[in-house]
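Everything on this sheet refers to the single structure shown next.
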Amino acid sequence: MNDSERISRRARFSIELSNETSAEQMKAILSDIRKMLGGFDQIEAFPTVRFKEFDSNSFDILIIYFAMLPLLEDFLALQEEVNFAILKILKDNNASFAMPSTTVYTKTEGAIN
Numbered sequence: 031m032n033d034s035e036r037i038s039r040r041a042r043f044s045i046e047l048s049n050e051t052s053a054e055q056m057k058a059i060l061s062d063i064r065k066m067l068g069g070f071d072q073i074e075a076f077p078t079v080r081f082k083e084f085d086s087n088s089f090d091i092l093i094i095y096f097a098m099l100p101l102l103e104d105f106l107a108l109q110e111e112v113n114f115a116i117l118k119i120l121k122d123n124n125a126s127f128a129m130p131s132t133t134v135y136t137k138t139e140g141a142i143n
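The opening position of the sequence shown corresponds to residue 31 in the numbering used here, with each subsequent residue numbered one higher.
In structure tokens:
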């Protein structure tokens, strides 16, 4: 499709929250993100905001929305505004992003338990 014919652009991304996030926090975060996206005139109705899956280090939220902004620069500015709003929502709900981690078990020869 030619960019001059474009009427909207899709944003699709996941955010990975710490697996210490409670069910109550997740529900509040999902609700807050839905409300926030609904407050933008440039975003089509009914964006997707779902608790998608459990990962080994995180709880993953899928976010998909269509922005009625044909120009890339306008779309990127909107994405930036949405991303800052998501950061605020996470802070307001005392949630944090997941950090990849690895647990290493070591065995010491001759150790007495």
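C-beta atoms are modelled at their ideal positions from N, C-alpha and C, and glycine is treated no differently.
Let me check understanding here. Comparing Cα to Cα, which of the options lies closest to residue i?
i: Asn113; options: Glu35, Phe70, Gln55 and Ser38; result: Phe70
i: Ser86; options: Pro77, Lys137, Thr132 and Arg39; result: Thr132
i: Ala41; options: Glu83, Glu35, Glu139 and Glu110; result: Glu110
i: Ile116; options: Thr138, Lys65, Glu139 and Lys137; result: Lys65
I'd like the list of long-range same chain contacts for residue i, defined as Cβ closer than 6 angstroms, with 5 residues on each side in sequence excluded.
i: Ser44; result: Asp90 and Leu92
i: Ile73; result: Leu67, Tyr95 and Ala97
Which whole-angstrom value is the C-beta distance of residue i and residue j, which I expect to be below 8 angstroms?
i: Asn13; j: Ala128; result: One cannot answer for residue 13 here, as it falls past the ends of the chain, which runs 31 to 143.
i: Phe81; j: Leu108; result: Rounded, the Cβ-Cβ distance is 24 angstroms, inconsistent with contact.
On the CB-based measure, 16 or more other CB atoms within 10 Å of its CB, does residue i come out buried or exposed?
i: Ser88; result: buried
i: Thr51; result: buried
i: Leu27; result: No answer is possible for residue 27: it lies beyond the span of the chain, which begins at 31 and ends at 143.
i: Pro77; result: buried
i: Ile63; result: buried
i: Leu120; result: buried
i: Val134; result: exposed
Under 7 angstroms Cβ to Cβ from residue i, same chain only, skipping five residues before and after it: list those, please.
i: Phe105; result: Arg39, Ala97 and Leu99
i: Glu46; result: Asp85, Ser88, Asp90, Phe127 and Ala128
i: Pro130; result: Asn87
In chain order, what residues of the same chain have a beta carbon less than 8 angstroms from the beta carbon of residue i, not counting five sequence neighbours either side?
i: Ala75; result: Gly68
### Message
Below 8 angstroms, how does it come out for the segment 97-117 and the segment 48-58: are there three or more Cβ pairs, yes or no?
### Response
no
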